[in-house]
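If you read the sequence shown in full-length UniProt numbering, its first letter stands for residue 1, the second for the next number, and so on.
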Amino acid sequence: MYRIVSLFFLIVALPSFLPKELWPVGQPVYEQFLADKNKFHQQLQQLANSVATDAPVDSIRAAFKRSRRDYKRIEWLLEYYQPFLATHVNGPPVIEVEEQEPGQVPILPTGLQVVEPYLFPSYDPSRKVDLTRELTVLISYASRLEQGIPADRITDTDILDAIRQELFRLVTGGITGYDAPEVRTGLSEAALTLQTLHKVFQSYTGRLPQPMSGHLEQQWMDAIRVVNSTTDFNGFDRVSFIRQQLYPLCRSLQKARQALAIPTATSGRFLSPTVATLSDSGAFRPDYLINFGEFASTPQKVALGKTLFFDPLLSGNNARSCASCHQPERAFTDGRTKSRSFSGRKPVLRNAPTLINAGLQTVQFYDSRVFYLEDQAHDVLKNAHEMRTSPDEIVQKLSASTAYKKMFTDAFSSGLMAQNVRNALACYIRSLTGLNARSDRYLRGESVIFSADEQLGLNLYLGKARCATCHFFPIYNGFVPPHYEKTESEIIGVPRRRKTRNAQIDTDMGKFNTYQKNIHQFAFKTPTVRNVALTAPYMHNGSYKTLEQVVDFYNRGGGRGIGIQLDGQTLSESSLNLTGVEQKALVAFLRSLTDTTGLTQRPSQLPTVDGNQSWNKRKPGGRY
1 MYRIVSLFFL IVALPSFLPK ELWPVGQPVY EQFLADKNKF HQQLQQLANS VATDAPVDSI
61 RAAFKRSRRD YKRIEWLLEY YQPFLATHVN GPPVIEVEEQ EPGQVPILPT GLQVVEPYLF
121 PSYDPSRKVD LTRELTVLIS YASRLEQGIP ADRITDTDIL DAIRQELFRL VTGGITGYDA
181 PEVRTGLSEA ALTLQTLHKV FQSYTGRLPQ PMSGHLEQQW MDAIRVVNST TDFNGFDRVS
241 FIRQQLYPLC RSLQKARQAL AIPTATSGRF LSPTVATLSD SGAFRPDYLI NFGEFASTPQ
301 KVALGKTLFF DPLLSGNNAR SCASCHQPER AFTDGRTKSR SFSGRKPVLR NAPTLINAGL
361 QTVQFYDSRV FYLEDQAHDV LKNAHEMRTS PDEIVQKLSA STAYKKMFTD AFSSGLMAQN
421 VRNALACYIR SLTGLNARSD RYLRGESVIF SADEQLGLNL YLGKARCATC HFFPIYNGFV
481 PPHYEKTESE IIGVPRRRKT RNAQIDTDMG KFNTYQKNIH QFAFKTPTVR NVALTAPYMH
541 NGSYKTLEQV VDFYNRGGGR GIGIQLDGQT LSESSLNLTG VEQKALVAFL RSLTDTTGLT
601 QRPSQLPTVD GNQSWNKRKP GGRY
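As structure tokens, then:
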């Protein structure tokens with residue numbers, strides 16, 4: 001009995017006898033989270049009291065800024081364990097509805113980003129009742145943020161992965177002003193975030209060998225110093241910060257984890273758990289959602305899908321292929337305002353989007369009407385205005401080819417079937433991933449030419465021009481980092497034709513046509529701007545012919561900035577105030593995002609079809 005009691009005492013009291021650097025990290029991390037969470041909750045109550053007592057506006061705004069700073073101390077752990085609660089505390093101020101559910105029941109946003117426009121850029125005391133209501137809801141959520149955080153099971157793996165994710169959140173959202181667009185506190189909050197993460201990581205520093213620990217400590221301090229060194233949101237050199245401080249820090253943290261023999265996280269996500277930076281090769285996994293069983297991607301499926309993509313036999317008239325509207329040389333677009341229809345007499349509804357990086361999003365088509373690339377393929381094949389065929393008809397045609405039957409047998413245990421046609425096409429499209437433009441390589445620290453104009457353009461993209469608050473770095477589409485679980489749509493007010501005054505909105509109502517939700521009127525999926533130099537004309541209706549025209553549209557404040565009276569525009573209607581030099585630099589950067597290396601080669605020939613000479617004369621790509 002004495003031995004049992006002694007052993008129990010030893011286990012419970014062991015941390016007090018160990019050197020501090022060997023204490024379990026999870027418990028003090030949780031205790032600090034509780035302390036910081038309580039401070040955040042108290043600060044929100046002070047903010048609400050300032051509003052209730054009609055304190056001076058400057059005092060109320062200062063209380064709001066302190067609330068945001070206090071939130072940033074807990075964000076890294078809350079977002080890791082409780083992203084749902086984090087969304088209610090600091091999520092985007094956008095009303096949503098459940099797209100798959102009937103009715104129009106809105107999901108109202110809550111949190112700091114909802115409170116912000118009540119106070120910035122101006123404060124209207126007549127809205128005090130509404131502001132008080134929002135603060136009451138926010139305080140309610142803030143009172144229970146520890147729910148779901150495992151106090152006794154916070155592992156080293158979790159801590160280091162949460163630090164990693166918060167650094168990615170800092171670069172994609174923090175320094176871009178994503179969650180503080182009007183108050184413009186992104187840089188000071190980024191410095192506080194770095195300080196918070198540095199303090200957490202210091203629990204591991206003593207376990208690292210020299211000179212690794214000293215070098216890493218210096219990198220932390222350098223990153224904090226650089227962000228703290230400027231209060232000019234627009235003038236901050238984000239490009240140099242990412243290249244010279246943040247990414248080197250991320251790489252050193254990965255090496256430190258390896259030196260400490262701490263395993264990587266095993267939870268499956270689009271973002272690979274093993275990469276050090278968002279610009280690393282293989283950072284994203286386009287086959288994540290479908291990577292199971294017979295649907296998992298293989299080289300055989302990709303090769304088969306590529307052949308099918310260029311084969312006119314997949315159309316009802318054996319004359320057009322997928323490549324007719326998605327031409328490799330144009331980054332898999334066709335250069336038309338709107339693509340030609342099956343009959344060729346009139347165009348289809350919308351402009352053909354690029355397929356490069358189509359696997360790096362969770363919805364497909366401009367109106368987000370399907371979730372998987374397999375469903376996209378099925379939709380296009382059966383569409384009367386596009387391929388006008390059916391799965392059964394395609395299988396019947398391909399069954400007449402010994403070559404095709406062998407390719408399907410090699411790729412699928414179930415052979416030639418309609419679902420395998422769709423899966424092969426989808427696997428090929430997922431393979432069209434290009435994330436190695438010059439800007440990617442420059443940010444990774446490689447010696448590549450990246451001109452002064454291009455660097456200025458990227459800084460504008462990440463800062464003053466606000467591009468990265470919708471087209472998120474580094475995929476440059478609406479796939480929301482760092483969890484990468486949702487692809488956003490936006491209402492920007494695209495005109496029928498290019499005008500700068502008294503414009504009229506295009507009649508295509510976008511996502512509303514699919515889901516019949518009023519909130520989706522004129523909403524369209526946020527597309528990637530990678531390879532945008534090759535994909536003109538622009539917008540779903542091709543209304544803008546050049547990148548210069550597109551930048552001008554955004555600089556004027558979108559649709560409302562050119563005279564369109566549009567309720568619900570999610571793009572700020574205020575001018576970006578970009579100078580002519582800045583607009584030119586932004587276009588230069590966008591052109592630098594071209595990267596189609598290894599993706600544009602067409603098949604040299606198509607499989608023969610037994611006994612059908614007319615079909616065997618077809619060429620890869622088809623008409624149009």
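Backbone N, C-alpha and C fix where the C-beta goes; we use that ideal spot for every residue, glycine too. Bear in mind the structure is a predicted one, so any value in this text is a computation, not a measurement.
Counting only the Cα atoms, Leu593 lies some 9 Å from Asp440.
Rounded to the nearest whole angstrom, the C-alpha separation of Val51 and His88 is 21 Å. Nearest to Thr176 by C-alpha distance, out of Arg623, Cys427 and Arg466, is Arg466.
Residue environment for Thr333: buried (at least 16 other C-beta atoms within 10 angstroms of its C-beta). Within the same chain, Cβ atoms closer than 7 Å to the Cβ of Gln46 are found at Ala63, the five residues on either side in sequence being excluded.
Boundaries of the alpha helix (DSSP H) harbouring Gln113: Leu112 to Leu119, taken from the DSSP string. Counting only runs of 4 or more residues that sit fully inside the region 150 to 216, the alpha helix (DSSP H) segments are 156 to 169 and 186 to 205, in chain order. The C-beta distance from Ala426 to Leu373 rounds to 4 Å, short enough to meet the 8 Å contact threshold. A contact between stretches requires three or more CB pairs, one per stretch, nearer than 8 Å, and the region 273 to 293 fails this requirement with the region 563 to 579.
About 5 Å separates the Cβ atoms of Gly563 and Ala503, confirming a contact at the 8 Å cut-off. The Cβ atoms of Asn531 and Ala331 sit closer than 8 Å to each other. Looking at the DSSP output, Phe524 sits in a beta bridge with Glu490.
The continuous alpha helix (DSSP H) containing Met407 extends over residues Thr402 to Ala411. Judged by pairs of C-beta atoms under 8 Å, the region 587 to 602 touches the region 448 to 455, as three or more such pairs exist.
Distance from the Cα of Val363 is smallest, within the candidate group Pro56, Val348 and Tyr484, for Tyr484. By a beta-carbon distance limit of 8 Å, Arg238 does not contact Ser315. Their separation comes to about 46 Å. Judged by beta-carbon spacing, Gly622 lies beyond the 8 Å limit of Ala303, meaning their Cβ atoms are not closer than that value. Taken in chain order, the complete alpha helix (DSSP H) segments of 4 residues or longer contained in the region 257 to 342 are 299 to 309 and 322 to 325. Taking Ser401 as the centre and dropping the five residues before and after it, the same chain places the C-beta of Pro607, Thr608, Val609 and Asp610 closer than 7 Å to its C-beta, in chain order. At the C-beta level, Gln165 and Tyr80 come within 8 Å of one another. Distance from Ser489 to Ala523 at the Cβ level is roughly 4 Å; contact confirmed, criterion being Cβ atoms closer than 8 Å. Under the three-state reduction of DSSP output, Pro28 falls in the helix class. Runs of the alpha helix (DSSP H) lying entirely within the region 351 to 382, each at least 4 residues long, are 373 to 382 in chain order. In this chain, the alpha helix (DSSP H) harbouring Glu548 covers Leu547 to Asn555. A Cβ-Cβ distance of about 5 Å is found for the pair Gln43 and Arg66, placing them in contact under the 8 Å criterion. For the options Ile429, Gln219 and Gln32, the alpha carbon positioned closest to that of Gln244 is the one of Gln219. For His88, the enclosing alpha helix (DSSP H) begins and ends at Pro83 to Asn90. Proximity of the region 396 to 410 to the region 284 to 298 falls short of the contact definition, fewer than three beta-carbon pairs being nearer than 8 Å. About 5 Å separates the beta carbons of Ile242 and Leu443, which is inside the 8 Å limit, making them a contact pair. Cα atoms of Leu34 and Ser368: separation of roughly 40 Å, rounded to the nearest angstrom.
Of the candidates Glu217, Tyr118 and Arg422, Glu217 places its Cα closest to the Cα of Leu197. Ser604 places its beta carbon 8 Å or farther from that of Pro474.
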